[in-house]
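Q:
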Amino acid sequence: FENAFDTDGFATSFTFKRPKGDAPPYLTLDKAVKWQLRQCRAWGVDPGVNDIFVAVDGSSYASGIYSAAPHEYNRLAGIPRVNAWLENKKAARGITYIESRIPTARTARVDRVHHRVEFLLASLPTLLAFYDIEHQAKRFSLYRGKQRANAEMVNILVGGGKKYARIDQDAQRRESPCTGTTKYFFF
């Protein structure tokens, strides 16, 4: 399904196939000229198991380590707030009870499949009334929050973002021989 447009009446989804391009050049310290290394801070970036990323510049100061954890991303995106709102709303309208009683789809027995279909058709008006335009608005708000969180993760990686703004400024005044803008190389 390439170059497709899909909608459920509230949200839309576009699926496009992008042509494969050339791979970006691989950078190593061998390719950097000595004068570039004097004016730059080289960072090692590791996508961690428990963290989204950890970036280290090799200095002994704490300001030389940038990291971002999944709980920070979730908080920036507003995921806990939206989940709490949704769970409270589900409990108030009895949706949690309905969703917990939906029979499993993992069966080979025809009578259980019929029971699942009957249950879903009986619950359909209640579920459709719950997942209305307000729910779609919250989904879109969550999408916007994830976009903001992604931008902040990039800002943290590249320049410390809001999380490391003050620490990074103090450390650069103390230890950086560079003047002007600092260039970054990530390996």
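Convert by adding 1 to the 1-based position in the sequence shown; the result is the number in this note's numbering.
From the three backbone atoms N, C-alpha and C, an ideal C-beta is built for every residue, glycine too.
Keep in mind that this is a model prediction, so the values were computed, not measured.
(1) Compare the C-alpha of I53 against each of S68, A130 and N156 and name the closest.
(2) Can you look up G22 in the DSSP assignment and give me helix, strand or coil?
(3) Tell me whether the beta-carbon of E121 lies closer than 8 angstroms to the beta-carbon of I103.
(4) Could you say which of G22, Y74, W44 and V50 lies nearest to A150 if we only look at CA atoms?
(5) Check whether the Cβ atoms of L77 and E153 sit closer than 8 angstroms, and answer yes or no.
(6) Measure from the alpha carbon of G160 to the alpha carbon of each residue in R113, V50, T105 and I66, then state which is nearest.
(7) By a C-beta neighbour count over all protein chains shown, 10 Å radius and 16 as the cutoff for buried, is L158 buried or exposed?
(8) How big is the Cα-Cα spacing for A56 and G79?
(9) Between the C-alpha atoms of L128 and A166, what's the straight-line distance to the nearest angstrom?
(10) Where does D7 sit, in a helix, a strand or coil, going by DSSP?
(11) Bridge partners of Y67, per DSSP?
(12) Do the CB positions of K139 and V83 come within less than 8 angstroms of each other?
(13) Do Q137 and F11 have their CB atoms nearer than 8 angstroms?
(14) Quick check on I96: buried or exposed, where buried means 16 or more other Cβ atoms within 10 Å of its Cβ?
(15) Please report the straight-line C-alpha distance between G181 and K163, rounded to a whole angstrom.
(16) State the start and end residues of the unbroken beta strand (DSSP E) segment that holds T16.
A: In terms of the structure at hand:
(1) S68
(2) coil
(3) Note on identity: in this sequence residue 121 is Leu, with Glu being the wrong assignment. Their beta carbons are under 8 angstroms apart, which means L121 touches I103 by this criterion.
(4) Y74
(5) yes
(6) I66
(7) buried
(8) 24 angstroms
(9) 46 angstroms
(10) strand
(11) A56
(12) yes
(13) yes
(14) buried
(15) The predicted position of G181 is uncertain, since its pLDDT is 49 and thus under 50; a value taken from the coordinates is nonetheless stated next. Approximately 21 angstroms, taken between the alpha carbons.
(16) T13 to T16
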